[in-house]
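These protein sequence lines map, in sequence, to chains A and B.
Just so you know, we're using the numbering used here here: the first sequence kicks off at 1 and counts up by one.
Just so you know, we're using the numbering used here here: the second sequence kicks off at 1001 and counts up by one.
The beta-carbon is built from N, C-alpha and C at its ideal position, and this holds for glycine as well.
Let me begin by presenting the structure, written as structure tokens, before commenting on it.
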Amino acid sequence: MDELDATIHQPARLQIMAALCQLKPLSQVDFTFLKTKLALTDGNLGAHLLTLEEKGCIAVEKTFVARRPKTFVSATAAGRRAFEAHAAALKAILKSK
Amino acid sequence: MNISPEEAARALGEIEASRAAMRTVIRSNRGHYFLWLWGGLWAVAALLVEFKGLHSLLIFRNWLMPAGIVVTFLILLCTQGKIRSPLNKRFIGVLATTVIFAFIWPLVLRGPGNARNDFAYGALMAMFCYIVAGIWFDVYLLRVGLLVSAILLASLFFFPALFWWSVVLSGVTLIGTGFYVRYFWR
């Protein structure tokens, strides 16, 4: 049976992972756009992304687009597996009610 | 880690809300503008030929097609940024080589063709690109590429009198696919 993941379960990180896992593998989303979509501040989103990156759930790529620094974020294969397992564990808890 | 069923339900609700928000964004980045643009241009070109005669195909070649290419690049510029998928350089290389050779082959293999065959050739070249892109990236491109190719080939070889109407149908198919990926894809 799948187990809950304490790192992913935090509400903001759960939203981040849900959004990133909706994308196709290797697809990336812009940091600013993600911040707006999830209604988080720069610092808040940055801190959550760092936590997820340290756990290997996401990959962060810093690059330049039209000479402006841009940060793109994507879910890793391990992150996708962890998120799916977490969602399955949540569903199992709900079923056992 | 243990949580209550209520908390699990709340978490699943947050996941679904986040997924739904992302789906909306993905839908608006799926290339439907290109399908609407080129589907519309094809349909207009074919209707012009059907009702105004073959000479009106020049309007498509000299004005509509170049305008379509410019608008395509403008759409590319305006829609990129939020989500990006790393392009496989080898794939782009294969596609570019195919398109270049597709321009060269007719010059080598045959003399000047007629308007119907020329249009079918160009359209099938575009559909070839859709099919290859569909194999690589997104299955809807594969499906629409196969469907439009089948429509065009069937009319070209079996119902030549209806060819320009099949181009209208192909254009409508592209436009319809654009609406599908924009509004109904999940």
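Rounded distance between the beta-carbons of residue 1174 (chain B) and residue 1063 (chain B), thought under 8 angstroms: Actually they do not touch by this definition, with Cβ atoms about 20 angstroms apart.
Residue range of the alpha helix (DSSP H) that includes residue 93 (chain A): 77-95
Proximal chain A residues relative to residue 1008 (chain B), where beta-carbon distance stays under 7 angstroms: 90, 93 and 94
Residue from B:1140, B:1097 and B:1061 whose Cα sits closest to the Cα of residue 1181 (chain B): B:1140
Min CB distance residue 1082 (chain B) to chain A below 9 angstroms: yes
Contact set between the region 11-44 of chain A and chain B, restricted to residues whose Cβ is under 7 angstroms from the partner: 11, 14, 15, 18, 19, 22, 23, 24, 26, 27, 28, 29, 30, 33 and 37
Under 8 angstroms from the C-beta of residue 6 (chain A): neighbouring residues of chain B: Listed along chain B are 1001, each with a C-beta nearer than 8 angstroms to that of residue 6 (chain A).
Nearest-angstrom Cα separation, counted from residue 30 (chain A) out to residue 1144 (chain B): 29 angstroms
At least 3 beta-carbon pairs within less than 8 angstroms: the region 1019-1039 of chain B vs the region 1162-1174 of chain B: Three or more Cβ pairs drawn from the region 1019-1039 of chain B and the region 1162-1174 of chain B lie within less than 8 angstroms of each other, which places the two stretches in contact.
Cβ neighbours of residue 85 (chain A) in the same chain (closer than 6 angstroms, five flanking residues each side left out): Within the same chain, Cβ atoms closer than 6 angstroms to the Cβ of residue 85 (chain A) are found at 2, the five residues on either side in sequence being excluded.
Proximity below 9 angstroms, CB of residue 1045 (chain B) to CB of residue 1165 (chain B): no
Continuous alpha helix (DSSP H) assignments of at least 4 residues falling wholly in the region 1081-1148 of chain B: Taking only runs of at least 4 residues, the alpha helix (DSSP H) segments lying wholly in the region 1081-1148 of chain B are 1089-1109 and 1115-1136.
Ranges of the alpha helix (DSSP H) found wholly within the region 1014-1042 of chain B, counting only runs of at least 4: none
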